[in-house]
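Residue numbers (the working numbering), protein chains in the order written: chain A, 1 to 547; chain B, 1001 to 1547.
Protein chains: 2
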Amino acid sequence: MSDIYDRDLDQNQANHQPLTPLAFLERAATVFPDHIAVVHGSMQISYRDFYRRCRKFASVLAGRGIGRGDTVSVMLANTPAMLEAHYAVPMCGAVLHSMNTRLDAGVIAFQLDHAEAQVLITDTAFSGTISSALDLATLKPLVIDYMDPVFPQPGDRLGSDDYETLLQSGDGDFAWLMPENEWDAITVNYTSGTTGDPKGVVYHHRGACLLAQGNAITASMPKHAVYLWTLPMFHCNGWCFPWTMSAVTGTHICLREVRADAIWAALADYQVTHLCGAPVVMSTILAAPASQKRDLTKPVEFFTAAAPPPESVLSEMRDAGFNVTHLYGLTEVYGPAVVNDWHEEWNQLSAEEQAALKARQGVRYHALEELDVLDPETMKPVPRDGETLGEVMFRGNVVMKGYLKNKQATDDALAGGWFHSGDLAVVYADGYIQLKDRSKDIIISGGENISSIEIEEVLHKHPQVTAAAVVAMPDEKWGETPCAFVELVDDGSVSSADLVDWCRQHMAGFKVPRHIVFEEIVKTSTGKVQKFILRQQAEKLAREQEG
Amino acid sequence: MSDIYDRDLDQNQANHQPLTPLAFLERAATVFPDHIAVVHGSMQISYRDFYRRCRKFASVLAGRGIGRGDTVSVMLANTPAMLEAHYAVPMCGAVLHSMNTRLDAGVIAFQLDHAEAQVLITDTAFSGTISSALDLATLKPLVIDYMDPVFPQPGDRLGSDDYETLLQSGDGDFAWLMPENEWDAITVNYTSGTTGDPKGVVYHHRGACLLAQGNAITASMPKHAVYLWTLPMFHCNGWCFPWTMSAVTGTHICLREVRADAIWAALADYQVTHLCGAPVVMSTILAAPASQKRDLTKPVEFFTAAAPPPESVLSEMRDAGFNVTHLYGLTEVYGPAVVNDWHEEWNQLSAEEQAALKARQGVRYHALEELDVLDPETMKPVPRDGETLGEVMFRGNVVMKGYLKNKQATDDALAGGWFHSGDLAVVYADGYIQLKDRSKDIIISGGENISSIEIEEVLHKHPQVTAAAVVAMPDEKWGETPCAFVELVDDGSVSSADLVDWCRQHMAGFKVPRHIVFEEIVKTSTGKVQKFILRQQAEKLAREQEG
Chain A
1 MSDIYDRDLD QNQANHQPLT PLAFLERAAT VFPDHIAVVH GSMQISYRDF
51 YRRCRKFASV LAGRGIGRGD TVSVMLANTP AMLEAHYAVP MCGAVLHSMN
101 TRLDAGVIAF QLDHAEAQVL ITDTAFSGTI SSALDLATLK PLVIDYMDPV
151 FPQPGDRLGS DDYETLLQSG DGDFAWLMPE NEWDAITVNY TSGTTGDPKG
201 VVYHHRGACL LAQGNAITAS MPKHAVYLWT LPMFHCNGWC FPWTMSAVTG
251 THICLREVRA DAIWAALADY QVTHLCGAPV VMSTILAAPA SQKRDLTKPV
301 EFFTAAAPPP ESVLSEMRDA GFNVTHLYGL TEVYGPAVVN DWHEEWNQLS
351 AEEQAALKAR QGVRYHALEE LDVLDPETMK PVPRDGETLG EVMFRGNVVM
401 KGYLKNKQAT DDALAGGWFH SGDLAVVYAD GYIQLKDRSK DIIISGGENI
451 SSIEIEEVLH KHPQVTAAAV VAMPDEKWGE TPCAFVELVD DGSVSSADLV
501 DWCRQHMAGF KVPRHIVFEE IVKTSTGKVQ KFILRQQAEK LAREQEG
Chain B
1001 MSDIYDRDLD QNQANHQPLT PLAFLERAAT VFPDHIAVVH GSMQISYRDF
1051 YRRCRKFASV LAGRGIGRGD TVSVMLANTP AMLEAHYAVP MCGAVLHSMN
1101 TRLDAGVIAF QLDHAEAQVL ITDTAFSGTI SSALDLATLK PLVIDYMDPV
1151 FPQPGDRLGS DDYETLLQSG DGDFAWLMPE NEWDAITVNY TSGTTGDPKG
1201 VVYHHRGACL LAQGNAITAS MPKHAVYLWT LPMFHCNGWC FPWTMSAVTG
1251 THICLREVRA DAIWAALADY QVTHLCGAPV VMSTILAAPA SQKRDLTKPV
1301 EFFTAAAPPP ESVLSEMRDA GFNVTHLYGL TEVYGPAVVN DWHEEWNQLS
1351 AEEQAALKAR QGVRYHALEE LDVLDPETMK PVPRDGETLG EVMFRGNVVM
1401 KGYLKNKQAT DDALAGGWFH SGDLAVVYAD GYIQLKDRSK DIIISGGENI
1451 SSIEIEEVLH KHPQVTAAAV VAMPDEKWGE TPCAFVELVD DGSVSSADLV
1501 DWCRQHMAGF KVPRHIVFEE IVKTSTGKVQ KFILRQQAEK LAREQEG
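Okay, structure coming up:
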């Protein structure tokens, strides 16, 4: 071994620059200044103006003393201001903290204090909740009101400054700051935290740049793609698509609300090529009255996550002109880091077989170096048998820096050189993974692991069930047994015994729920079932039965 | 400013991995094992086998003691072995040194010694030259013969080992080495060096990974794209496309020789989506007899570099079903780092105007952080006036580590935090650059800068001129004057005075060549005009005239 390749071949400004997605916008604005970057209702913003607006607002922040390591919080819908925040905030060196617009005042106050927010930009639509949050918060950030010029919202002004007036006072030629190091933080996103305080997931410029490009490659996204914002940008920075679109000099179509008429109009009027969203977005699209639906000239790429798309939805979406791709990820991996990468030959299979294949979460993004399902005790990969449960683990450049001001949680999450997702999954022979449960949601009955998701899937298939959530109920004999919480269709009349029978026909006996509770299932602001509350209910039920 | 984003948020194995294009192949083979990676004549290699073959050969090299920092040289045509070398060599930690197959023995010997080659893989087609080179070289690398199984070549065997037998003895499950650091060298490519010794341009894993992805984004290359190898892979590692194709799980169509019949057959039979090549490839495609041409079902993307595509070729290519994109780069920037990024609205212009726009080199790739035309004295950008000459400079992650064992040349090339290309260009108001000359080829006459390229373009337009090269001739009064070397069509009969008249009609008087020499223009093995030899001839002519 020789060292000739290390001698006098060092890094310098000419051959090494920090990776950052901010550079994509500079390029798009320089090369295609007249191309439309952002559409919001009747408003259209060219790349020239989008870039200038971001620089103006960055200069305003810098003028208020905001710089490297500071936090700018935002409470914004999918509006131009939210897109601009993804560039303007890091352009002055600061870190963007976007909040879920459905959060309650207490959580908002916690986040503002924990992230040490110095500025808060808030859409007046949310001023009621924000006002309460500011009362609760210890810190008093500078409050900037965003008054949507296209869709004016009710709600009081909270600050003495408004976004647009401030922005217009800025310098469109502001010499924005490159990160000093690509490891510098670019954003912080708090997990919804079904238990304990929310944790602040810190992203860096390197990861944001790589995942933004990974999206373009994964989605085969061509130059000038048109992206519709059905995914909230407060979810993991809109899965990094605010930056991806600049890389391909594409067009953002903003959407304040996920309404069927607005979606169909945008799809047709702007020839949308790509959109993302939870399953509810697909339902909304499909449930639109015929008068709102429009003919699509080309297939539209739809990326969904959160839950596997059911067979009926998949075929309806195909008939409606959409190609649905299933993604999976967590806040800690910048949103999507796993893709159900589709094989052309699978299109020859039956609709049922296709849905079964599409229900799998899949394989790693290019931008993620390693994805595996490991036994968390031994850290060894589980057999590729589609049966053995293990924990989904991630390793690579699109894994978070860690949790803000929470060394213990960071060390736990990244122990052993892998990010531990807490999700339980199997791996099939072809290497595709499929989620089976959250590790804390698994039910251990008589020593057997029971996947709550498996039971929920069976219950879902019952024609009268619209929602189901299964948790462990303590049991003297078995340790735990499954307890199901079920929502029925309007005027549903199925009995507990009927559902137990249904389950018995579709799963092994030991997995059949011993108790069925009919009630509205409690969910978080982001629509996640709050299983820890259901578990408390199940424990109470168990105690009552014993007593 | 706070330091909360730097505290307890360090890099570790879970969230930081070296960037490398090798990971693309691992992914492609895992996710799409049955997809065809490589087609070579009647041979088809799946991604499963391609990956296994690379690992096998990497294990063979490792078994011979080849590891980190060692050099493996190759003298290979566009064959599967050449593609495999791009993975197998770095997979054992070594550095790939690919040589231009048209080099002479002396230069090959120099390169082998300078790169301290420990292994040489050589196609038997080149064994005559290689045999002489090995006699000249001081070092005696292990020689491995590649005998193309599909297109057997004449030529003696030089080594005791042949590639295929060795490869088959390897371990298909070899645990290949990730780079320890993404800054580690992955390849070395020698510049052709019109003056002085060739310089070894060192690439690193980070740059190769980023440019490979940059290609996919620049070329809007979808999943499963099909790439035809009309570009020699020994040119800047085939502009990094050997790695790009794995990122999109595409198919390589190998091509030993740039022959019209083989190109048209491949285009149609494999539904090629993308190819690259010098202008001569376009001429070859267009000049094919009608019997060889085939109907193309979809437009094919053709990327060209080296010389601006003339108007007639552009329109003929369009009619034949190709969309031509003009790229520019140098060995020092991994091949293409500049693209003539086309604006849709330009399609409305006249053919002549389109050709003029397409002749420009353009703007930076995403993967290059900065491109500019600077005054090399002041390092200030030239005015965006389309007239003021400056030197093209590059800065970013796809600029080489430096020149191997040549600190002085590295320091000179990367002085002031920019890579100095030596190319002279102007910048238009829209930021697109256009090359005007190599800095050493500029002619300074009476204090005025004269672009040799501008005169060559005028001469080219004369119906009887097939090639023209213009250099400076020393002149007592003016300092220098232009001297033109010209090749005419067969049976051409134009006189020196005719050509001077032609020039006078098309350019300012001070730019008109004072001397015209009719002769075959001397070129390097890669087809570059050897202007330093022409300059020597011009100097001799000047002395004779004075004398």
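A virtual CB, placed ideally from N, CA and C, is assigned to each residue, including glycine.
Being a predicted model, the structure only gives us computed values, none of them experimental.
Residue i at chain B interface by Cβ criterion, 8 Å
i: His-252 (chain A); result: no
i: Thr-30 (chain A); result: yes
i: Arg-543 (chain A); result: no
i: Gly-396 (chain A); result: yes
i: Tyr-5 (chain A); result: yes
i: Ala-109 (chain A); result: no
i: His-366 (chain A); result: yes
i: Asp-173 (chain A); result: no
Straight-line gap, residue i to residue j (C-alpha atoms, nearest Å)
i: Val-38 (chain A); j: Ser-46 (chain A); result: 7 Å
i: Leu-22 (chain A); j: Asp-1475 (chain B); result: 51 Å
i: Ala-1307 (chain B); j: Gly-1214 (chain B); result: 22 Å
i: Val-1074 (chain B); j: Leu-1120 (chain B); result: 5 Å
i: Val-1188 (chain B); j: Ala-115 (chain A); result: 47 Å
i: Pro-179 (chain A); j: Val-202 (chain A); result: 15 Å
i: Leu-1076 (chain B); j: Gln-1118 (chain B); result: 16 Å
i: Ser-1160 (chain B); j: Leu-1142 (chain B); result: 9 Å
i: Glu-257 (chain A); j: Ile-4 (chain A); result: 59 Å
N- and C-terminal bounds of the beta strand (DSSP E) containing residue i
i: Tyr-1146 (chain B); result: 1142-1146
i: Asp-1070 (chain B); result: No beta strand (DSSP E) contains Asp-1070 (chain B), which DSSP labels as neither H nor E.
i: Phe-1322 (chain B); result: 1322-1330
i: Pro-1279 (chain B); result: That residue, Pro-1279 (chain B), is in no beta strand (DSSP E); its alpha helix (DSSP H) goes 1279-1287.
i: Leu-228 (chain A); result: 226-228
i: Lys-436 (chain A); result: 433-438
i: Arg-1395 (chain B); result: 1390-1395
Continuous alpha helix (DSSP H) stretch holding residue i: start and end
i: Ile-121 (chain A); result: No alpha helix (DSSP H) holds Ile-121 (chain A); the beta strand (DSSP E) holding it covers 117-123.
i: Pro-1242 (chain B); result: 1241-1247
i: Gly-1063 (chain B); result: 1047-1063
Residue i, DSSP secondary structure in three states
i: Ile-1130 (chain B); result: helix
i: Lys-511 (chain A); result: helix
i: Asp-375 (chain A); result: strand
i: Asp-171 (chain A); result: coil
i: Ala-1137 (chain B); result: coil
i: Gly-407 (chain A); result: The sequence given here has Lys at residue 407 (chain A), not Gly. Here Lys-407 (chain A) sits in helix by DSSP.
i: Ala-1094 (chain B); result: coil
i: Asp-1600 (chain B); result: No answer is possible for residue 1600 (chain B): the residues shown for chain B start at 1001 and end at 1547.
Proximal chain C residues relative to residue i, where beta-carbon distance stays under 7 Å
i: Asp-1008 (chain B); result: Looking at the structure shown, chain C is missing, and the protein chains on hand are A and B.
Residue i burial status per 10 Å Cβ neighbour count (16 or more: buried)
i: Arg-1504 (chain B); result: exposed
i: Gln-271 (chain A); result: exposed
i: Arg-1543 (chain B); result: exposed
i: Val-489 (chain A); result: exposed
Residue i beta carbon near the ligand ZN (any heavy atom closer than 7 Å)
i: Leu-1228 (chain B); result: No copy of the ligand ZN occurs in the structure displayed, which carries no ligand at all.
Closer than 8 Å to chain A by CB, residue i
i: Leu-1414 (chain B); result: yes
i: Ala-1268 (chain B); result: no
i: Asp-1341 (chain B); result: yes
i: Gln-1434 (chain B); result: no
i: Asp-1372 (chain B); result: no
i: Ala-968 (chain B); result: One cannot answer for residue 968 (chain B) here, as it falls past the ends of chain B, which runs 1001 to 1547.
i: Pro-1222 (chain B); result: yes
i: Arg-1102 (chain B); result: no
i: Arg-1384 (chain B); result: no
i: His-1506 (chain B); result: no
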